[in-house]
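**Student:** At position 531 of the first sequence (counting the first as 1) the number is 606 in our numbering, and the numbers step up by one without a gap.
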Amino acid sequence: MRMSNLFLTTLREIPAEAETSGHRLMLRAGMIRKLAAGIYSFLPLGYRTLEKISNIVRQEMNATGAQEILLPALQPAELWQESGRWFKGGKEVIRLKDRNDRDFCLGPTHEEVITDLIRHEVRSYRQLPLMLYQIQTKFRDELRPRSGVIRSREFIMKDLYSFDRDREGLDESYNKMYTAYDAAFRRCGLQTLVVEADPGMIGGTDSMEFMAPSDAGEDIVIICNTCKYAANREAARIRTATAENGPEKEMETVLTPEVRTISQLADFLNLPAERMVKTLIYRNGEGRMIAVLIRGDREVNEFKLAKLLNSSELILAEPEEIEALTGAPVGFSGPVGLEEKATIVVDSDVTEMRNFVTGANEANAHFINVNIGRDFSPDIIDDVKLARSGDPCPKCNGFLVEERGIEIGHIFKLGTRYTEAMHAVYLDETGTEQTIIMGCYGIGISRLVAAIIEQNHDEQGIVWPASVAPYHVYIVQISPGDEGQAEMIRQLCATFDSSGIEYILDDRDERPGVKFKDADLIGLPVRAVIGPRSLESKLVEIKCRRSSEEKKVSLADAAMEVKSILGGDAFVCTI
RNA sequence: CGGGGUGUAGCGAAGUUUGGUUAACGCGCCUGCUUUGGGAGCAGGAGAUCCCCGGUUCGAAUCCGGGCACCCCGACCA
76 MRMSNLFLTT
86 LREIPAEAET
96 SGHRLMLRAG
106 MIRKLAAGIY
116 SFLPLGYRTL
126 EKISNIVRQE
136 MNATGAQEIL
146 LPALQPAELW
156 QESGRWFKGG
166 KEVIRLKDRN
176 DRDFCLGPTH
186 EEVITDLIRH
196 EVRSYRQLPL
206 MLYQIQTKFR
216 DELRPRSGVI
226 RSREFIMKDL
236 YSFDRDREGL
246 DESYNKMYTA
256 YDAAFRRCGL
266 QTLVVEADPG
276 MIGGTDSMEF
286 MAPSDAGEDI
296 VIICNTCKYA
306 ANREAARIRT
316 ATAENGPEKE
326 METVLTPEVR
336 TISQLADFLN
346 LPAERMVKTL
356 IYRNGEGRMI
366 AVLIRGDREV
376 NEFKLAKLLN
386 SSELILAEPE
396 EIEALTGAPV
406 GFSGPVGLEE
416 KATIVVDSDV
426 TEMRNFVTGA
436 NEANAHFINV
446 NIGRDFSPDI
456 IDDVKLARSG
466 DPCPKCNGFL
476 VEERGIEIGH
486 IFKLGTRYTE
496 AMHAVYLDET
506 GTEQTIIMGC
516 YGIGISRLVA
526 AIIEQNHDEQ
536 GIVWPASVAP
546 YHVYIVQISP
556 GDEGQAEMIR
566 QLCATFDSSG
576 IEYILDDRDE
586 RPGVKFKDAD
596 LIGLPVRAVI
606 GPRSLESKLV
616 EIKCRRSSEE
626 KKVSLADAAM
636 EVKSILGGDA
646 FVCTI
């Protein structure tokens with residue numbers, strides 16, 4: 076491709092809208108342009124990378140025996156009503172009506188559609204296991220689109236669905252996907268971390284996320300510094316603190332005027348926050364009040380809490396609600412006397428504490444020497460803490476550390492969540508009807524482009540891994556008007572053509588500096604320069620974008636040199 | 001939806017506080033000449049409903065009211 080023909084404008088100045096480095100580079104290198112918040116066009120360079128990533132993913136999916144299909148993006152509401160997600164899906168689902176006033180949505184995901192297909196097509200155990208996938212546009216009216224293509228409202232996703240006869244089959248499919256994902260991400264030049272995750276609105280039991288560590292990431296990942304334990308902070312478990320011993324003392328009321336926060340209380344009583352127990356009041360969707368007890372220095376993990384209580388609409392109670400429940404203003408809540416009025420959830424750490432401090436449900440008063448069992452009885456005891464750096468690992472004696480990551484893939488064991496609701500069944504060997512066991516597996520293809528750039532760039536621009544670079548070589552023609560150089564370029568291009576090497580030829584009537592800057596910004600793995608010097612020496616300058624190493628080679632050796640930089644066969648993923 | 005911020009040419013951006021002729025400047029774009037190994041120089045040129053609607057005023061980018069869009073922080077997620 077000649078640069079003079081390529082539909083591409085690079086930007087010298089950084090667009091004000093872009094915050095993260097990857098987003099800036101995608102805009103500056105002319106890969107994407109914004110149409111509206113979270114809605115982007117892919118231009119030739121961006122689209123080529125998108126296609127290369129798709130092809131890598133496609134190859135890895137096909138290698139597991141999965142088959143590619145294409146499902147409709149426009150989906151009738153009936154299917155979603157059947158699975159129960161039409162109302163639960165919330166505002167994130169983009170809904171519309173057809174001319175006959177029938178409800179439709181633009182597919183945010185395809186569990187319903189595929190399950191509908193399967194229930195019509197699959198009859199016998201002989202048709203299972205089955206894995207189907209598609210690479211297609213998804214629509215989600217995100218609360219807040221951000222960071223360009225990292226979180227957009229219209230995006231490209233690979234979604235695969237597995238259908239098995241039993242749990243063992245599901246485990247097998249799940250493990251195949253795990254391995255295939257690992258391979259696909261590796262081939263894309265990404266570093267990834269696999270973490271335990273919360274299944275969220277998709278539902279199901281087990282789920283793992285593939286995270287690309289990056290400062291631009293939206294998720295906090297908790298990793299053990301010793302063993303392999305890693306989890307999304309939403310799902311991270313923590314080993315419970317060791318029990319305190321000693322006799323239970325008499326509970327007493329202490330007057331604490333205007334002392335509302337844990338830090339004020341710690342100062343007032345001259346005790347560390349670890350000796351206090353915070354009582355947070357939540358309200359669920361049904362209006363039930365929930366008192367959550369947690370050690371003074373900890374934060375509640377609302378994801379774990381919501382899951383524990385099996386309610387999605389968990390929110391912190393308003394001051395008036397708290398006062399109505401406890402009889403005291405905010406800051407003086409405690410568990411004693413709340414048993415009848417609220418569900419009492421106690422973090423497992425608290426059960427190990429003796430003689431702690433809580434609010435007295437009375438203005439300007441706290442209790443000291445409170446003890447579980449004697450002074451109040453919990454309804455639920457579980458780990459509801461938010462993990463943080465320094466916490467003990469749940470699996471070994473190591474400690475946890477926090478890291479940011481971009482969620483690029485997520486695999487779920489759905490079980491019968493959809494197949495049961497939509498009656499997708501098969502007949503087993505004995506002629507008995509069985510519910511199909513399902514799994515689903517997503518990769519954010521367009522997000523991957525951004526994640527790869529986040530992990531592969533420097534101050535000058537993108538540093539593409541060879542496998543996903545829009546082209547392999549950026550040829551700089553120093554003097555476009557010079558016939559001698561033009562002839563060398565023709566020969567060079569001919570050797571690249573016959574070697575399957577993809578290139579952009581910068582034949583623009585620009586000064587060399589402009590071309591070098593654009594070459595670095597666009598970030599193809601190899602830069603080849605032909606100028607007056609090459610005319611004398613008969614050599615091409617070949618430079619590796621990543622290492623900055625430069626070599627002068629003959630025209631005959633150029634293709635081989637390029638291939639060695641590209642990493643042998645790894646680059647052979649052409650569009 | 002809550003909190004913070006921004007809207008002036010394709011991009012960056014001054015002017016807005018304190019209303020006043022033709023709305024700066026830089027980049028990019030077009031023409032010409034010179035130049036040509038790390039974002040060239042000179043000369044000329046095109047390009048702006050100053051986000052939208054309404055109001056105040058002799059006069060509004062600027063003041064007032066309403067709306068919209070976009071960005072950042074939180075909840076959601078590939």
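Built from N, CA and C at the ideal position, the CB exists for glycine as well. As the structure is a prediction and not an experimental result, all values here were calculated from the model.
#1: Taking the alpha-carbon of Glu-229 as reference, which of Ile-576, Glu-393, Asn-137 and Gly-182 has the nearest alpha-carbon?
#2: Rounding to the nearest angstrom, what Cα-Cα distance links Phe-285 and Val-270 in this structure?
#3: Given a threshold of 16 other Cβ atoms within 10 Å of its Cβ, counted over all protein chains shown, does Arg-57 qualify as buried or as exposed?
#4: Going by alpha carbons, who is nearest to Asp-234 out of Ser-639, Glu-247 and Thr-212?
#5: When DSSP labels each residue in this structure, what does Glu-293 get in the three-state scheme?
#6: At what residues does the beta strand (DSSP E) containing Ser-237 begin and finish?
#7: Which whole runs of the alpha helix (DSSP H) in the stretch 82–121 are 4 residues long or more, in chain order?
#8: Using a Cβ-Cβ cutoff of less than 6 Å, which residues in the same chain neighbour Tyr-236 once the five nearest sequence positions on both sides are dropped?
#9: Who are the near neighbours of Leu-396 in its chain, counting only those whose CB is closer than 8 Å to its CB and skipping five residues on each side?
#10: Quick one: what's Gln-142 bridged to in DSSP?
#11: Taking the straight line between their C-alpha atoms, what separation do you get for Ile-564 and Lys-613?
#12: Since Glu-187 contacts Ser-158 with CB under 8 Å, what's their CB separation in whole angstroms?
#13: If I measure Cβ to Cβ from Phe-179 and keep anything under 8 Å in the same chain, skipping five residues before and after, which residues do I get?
#14: To which residues does DSSP link Asp-619 through a beta bridge?
#15: Checking 8 Å against the spacing of the C-beta atoms, do Thr-124 and Pro-545 come in under that value?
#16: Decide if the stretch 332–350 is in contact with the stretch 456–465; the criterion is three or more beta carbon pairs, one per stretch, under 8 Å apart.
#17: Taking C-alpha atoms, which residue in Asp-533, Leu-523 and Leu-630 lies nearest to Ile-550?
#18: DSSP three-state label for Asn-307, please.
#19: Could you check what DSSP says for Val-647 in three-state terms: helix, strand or coil?
#20: Please classify Val-197: does DSSP put it in a helix, a strand, or coil?
#21: Closest to Ile-313 by CA distance: which of Asn-376, Ala-141 and Pro-469 is it?
#22: Taking the alpha carbon of Thr-491 as the reference point, which residue from Arg-99, Phe-238 and Lys-109 has its own alpha carbon closest?
#23: Assuming Tyr-249 contacts Tyr-501 (C-beta within less than 8 Å), just tell me the rounded distance between them.
#24: Do Val-420 and Pro-467 count as a contact pair if the criterion is CB distance below 8 Å?
#25: Tell me, please, which residues DSSP counts as bridged to Cys-299.
#26: Around the C-beta of Met-351, are 16 or more other C-beta atoms found within 10 angstroms, so that it is buried, or is it exposed?
#27: Tell me which residue opens and which closes the beta strand (DSSP E) that Ser-158 is part of.
#28: Note down the Cα distance separating Leu-599 from Gly-519, rounded to an integer number of angstroms.
#29: Using 8 Å as the threshold, is the C-beta distance between Gly-480 and Ala-287 below it?
#30: Which same chain residues end up closer than 6 Å to Thr-95 when comparing Cβ atoms and leaving out the 5 residues on each side of it in sequence?
#31: Would Val-224 pass as a contact of Ser-521 if the rule is Cβ separation under 8 Å?
#32: For the candidate residues Ile-512, Ala-561, Ala-104 and Glu-398, whose alpha-carbon lies nearest to that of Phe-82?
#33: How would you label Gln-552, buried or exposed, when you count the other beta carbons within 10 angstroms and need 16 or more for buried?
#34: Along the chain, where does the beta strand (DSSP E) containing Glu-327 start, and where does it finish?
#35: Between the stretch 429–438 and the stretch 318–328, do three or more beta carbon pairs fall short of 8 Å?
#36: Would Ile-617 and Glu-625 be called neighbours here (beta carbons separated by less than 8 Å)?
**Tutor:** This is what the structure gives:
#1: Gly-182
#2: 6 Å
#3: Lying before the first or after the last residue shown, residue 57 is absent from the chain, which here runs from 76 to 650.
#4: Thr-212
#5: coil
#6: 229–239
#7: 96–103
#8: Ile-189, Leu-207 and Cys-515
#9: With the sequence shown as reference, residue 396 is identified as Glu, and Leu is not the correct amino acid for it. Answer for Glu-396: Ile-356, Arg-358 and Met-364, listed in chain order.
#10: Leu-207
#11: 11 Å
#12: 5 Å
#13: Leu-149, Gln-150, Pro-151, Ala-152, Arg-170, Leu-171, Lys-172 and Asp-173
#14: Just to set this straight, residue 619 is Cys in the shown sequence, not Asp. In DSSP, Cys-619 forms a bridge with Val-601.
#15: yes
#16: no
#17: Leu-630
#18: strand
#19: Confidence is the limiting factor: at Val-647 the pLDDT is only 49, short of 50, which leaves the residue's position unreliable, though a coordinate-based value still follows. In the structure shown, Val-647 sits in coil (DSSP, three-state: anything other than H, G, I, E or B).
#20: coil
#21: Pro-469
#22: Phe-238
#23: 19 Å between Cβ atoms; not a contact.
#24: no
#25: Leu-475
#26: buried
#27: Ser-158 -> not in any beta strand (DSSP E); alpha helix (DSSP H) instead, spanning 152–158.
#28: 23 Å
#29: yes
#30: Ser-222 and Ala-291
#31: yes
#32: Ala-104
#33: buried
#34: 327–330
#35: yes
#36: yes
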